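See structure below.
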Amino acid sequence: MMKEITIDEETPFILHPNEFALGMVHETTGVSPKYVGRLEGKSSIGRMGLLIHITAGFLDPGNSLKMTLELHNTASIPIMLYYKMPIAQMAFEELSSECERPYSTEIGSKYVGDVKPMASQMWKNFQKEV
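Below is the structure:
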């Protein structure tokens with residue numbers, strides 16, 4: 001169902017109308033348990049019809065990873081995406097106090113420290129403890 005594609009400096013990735021693809025940002029982004037991050041699309045690419053995240057734009061307190069992009073072309077024409085093309089931006093907010101349970105493997109977090117796009121791990125929410 002998922003096919004890994006590597007984008008290089010010479011060959012763009014073409015996202016066709018109504019297509020969906022998982023991608024990732026180039027940089028590793030992390031926050032301490034006192035902060036949260038929010039991934040947002042850049043205005044110019046949004047005006048072309050590209051959504052860069054559907055619901056996963058939140059960087060949890062204590063997590064550090066290469067954020068996954070949920071790319072969706074809502075336009076009627078293909079969109080060409082290039083290596084390191086600036087399509088996203090981060091906003092950070094300070095919490096009133098440090099998070100008591102930062103995002104980590106200890107609390108069953110599924111996407112700790114991601115370094116490449118990962119398909120949904122929602123099925124883990126329904127696993128029974130043995």
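For the sequence shown, full-length UniProt numbering gives the first residue as 1, with consecutive numbering after it.
Virtual Cβ for every residue (Gly too), placed ideally from N, Cα, C.
Since this is a predicted model, take the numbers as computed values, not measurements.
- Bounds of any beta strand (DSSP E) do not take in GLY57, whose DSSP letter is neither H nor E.
- About 6 angstroms separates the Cβ atoms of GLY37 and THR29, confirming a contact at the 8 angstroms cut-off.
- Here LEU95 is actually not in contact with LEU71; their C-beta atoms are around 29 angstroms apart, not less than 8 angstroms.
- C-alpha of VAL31 to C-alpha of LYS66: approximately 12 angstroms in a straight line.
- In the three-state DSSP reduction, GLY41 falls in the strand class (E or B).
- In chain order, PRO61, GLY62, GLU98, CYS99 and PRO102 place their CB closer than 7 angstroms to the CB of PRO33, counting only its own chain and leaving out the 5 sequence neighbours on each side.
- When the beta-carbon positions are compared, LEU59 and MET90 come within less than 9 angstroms of each other.
- Residue pairing by DSSP puts GLY23 in a beta bridge opposite LEU69.
- When DSSP states are grouped into helix, strand and coil, GLY30 belongs to the strand group.
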